[in-house]
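Enquirer:
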């Protein structure tokens, strides 16, 4: 049975699907997602062995808007965060990000200002979207 109110899917517009795939692909596959669509204009990953978990898709944006960079503090999405099973998992993803040359905004650290046990790494996609992997077992 699926949890009522959980996210079904998220689609993100990107300026370059191949460049974005190089960031999202390794991260999502590390987290257990599997690629179900991979074309020059659209990629999609599903979580769960039966495809009934959450889905994240990348779609090529309107060509007239490709020069725009994501503005985190403008109306719209501020950042996207995934849950980690442990602090060690956050550290392992950080190692993968560094090995792939993915932009790190903040390396793994403890953020007690968010909650007592909040441990996260923050990184960025090619369009400037802030991404996060967090282990915070006492929060949400």
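Residue numbers (the UniProt record's numbering): 1 to 140.
A virtual CB, placed ideally from N, CA and C, is assigned to each residue, including glycine.
#1: Flag this pair as touching only if the segment 86-97 and the segment 60-71 have three or more C-beta atom pairs under 8 Å; answer yes or no.
#2: Are the CB atoms of residue 20 and residue 56 nearer to each other than 8 Å?
#3: Leaving out five residues on either side along the sequence, give the residues of the same chain with a beta carbon under 8 Å from the beta carbon of residue 138.
#4: What are the uninterrupted segments assigned as beta strand (DSSP E) that are 3 or more residues long and contained completely in the UniProt domain "VOC" (6-136), given in chain order?
#5: Assuming contact is defined by CB atoms lying nearer than 8 Å, are residue 125 and residue 24 in contact in what I supplied?
#6: Is the beta carbon of residue 131 sitting closer than 8 Å to the one on residue 96?
#7: Rounded to a whole number of angstroms, what is the C-alpha to C-alpha distance between residue 77 and residue 91?
Expert: Looking at the coordinates:
#1: no
#2: no
#3: 115, 116, 117
#4: 9-14, 33-39, 42-47, 55-60, 79-83, 104-110, 119-124, 130-135
#5: yes
#6: no
#7: 25 Å
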